[in-house]
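The sequence shown begins at 30 in my numbering and counts up one residue at a time.
Where a beta carbon is used, it is the ideal one built from N, C-alpha and C, also for glycine.
Read through the structure below, which is laid out as structure tokens, and then see the notes.
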Amino acid sequence: MNTEDIKLELFNQCKQYVAQRLERIQHTINDIQESLSSETKSTAGDKHETGRAMLQLEREKAGKQLAEVQKLQEILAKIDIAISSQPAHLGSLVATSKGNYFISISAGQLLVNDTAYFAIAANSPIGCLLLGKVSGDYFVFNTAEITIQSVS
């Protein structure tokens with residue numbers, strides 16, 4: 030599998046990660062909305078109001094999560110995996126002495142052909158260290174010296 034195919038697979042896994050998060054959040058919002066509309070006023074008025082207030086807080090929390098997912102979608106929309114140049118930038122695949130990184134969104138460890146890659150955000154601590162680096166550069170992260178082996 031060549032580098033472009035690996036980047037495409039990682040990019041698709043990131044998109045799938047975001048789509049799954051979006052689906053879970055939308056399901057949560059729908060459940061909350063259904064609970065709010067189906068809740069009937071009981072004789073215990075305070076209990077009813079407390080329940081509604083809790084549901085409203087949950088809806089606000091889900092709304093914030095939805096905004097975060099939309100930001101992730103915006104970041105993914107900016108990535109052009111066809112660009113394979115140095116220095117490291119958004120969309121780069123960076124092989125180091127300590128692991129392989131795909132600079133995109135924070136989606137954790139992804140596997141392509143039994144090889145582990147870490148999808149990291151450009152503004153994450155390690156992402157900030159990788160940005161602008163070229164093959165042969167090194168940096169220190171958590172007291173470990175890491176060498177850039179390749180950037181594509």
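- Runs of the beta strand (DSSP E) lying entirely within the segment 68-127, each at least 3 residues long, are 122-125 in chain order.
- With 16 or more other Cβ atoms from the protein chains shown falling within 10 Å of its own Cβ, Lys162 counts as buried.
- Gly137 has Ala148 as its beta-bridge partners, per DSSP.
- In the structure shown, Asn129 adopts extended strand secondary structure according to DSSP, grouped into three states.
- Here Ala117 has Val123, Ile132, Leu159, Leu160, Gly161, Lys162 and Val180 as same chain residues with Cβ atoms under 7 Å from its own Cβ, once five neighbours each way along the sequence are excluded.
- If you check the CB distance, Lys107 and Ala173 do not come in under 9 Å.
- Sequence-distant partners of Ala91 (beyond 5 residues in either direction) whose C-beta falls short of 7 Å from its own C-beta, in its chain, are Ile54, Thr57, Ile58 and Ile61.
- Taking all protein chains in view, the Cβ of Leu101 is crowded by 16 or more other Cβ atoms within 10 Å, so the residue is classified as buried.
- By the C-beta density criterion, Leu139 is buried, having at least 16 other C-beta atoms within 10 angstroms.
- Just measuring C-alpha positions, the residue of Thr79, Glu63, Gly120 and Lys93 sitting nearest Asn152 is Gly120.
- Close CB contacts of Leu65 within its chain, under the 6 Å cut and outside five residues either way in sequence, are with Leu84 (chain order).
- Where Gly156 is concerned, the enclosing alpha helix (DSSP H) starts and stops at Pro154 to Leu159.
- With a cutoff of 9 Å on beta-carbon distance, Ile110 and Glu63 are scored as not near each other.
- Here Gly156 has Ile132, Ile149 and Ala150 as same chain residues with Cβ atoms under 7 Å from its own Cβ, once five neighbours each way along the sequence are excluded.
- Between Val47 and Val98, the alpha-carbon positions lie close to 7 Å from each other.
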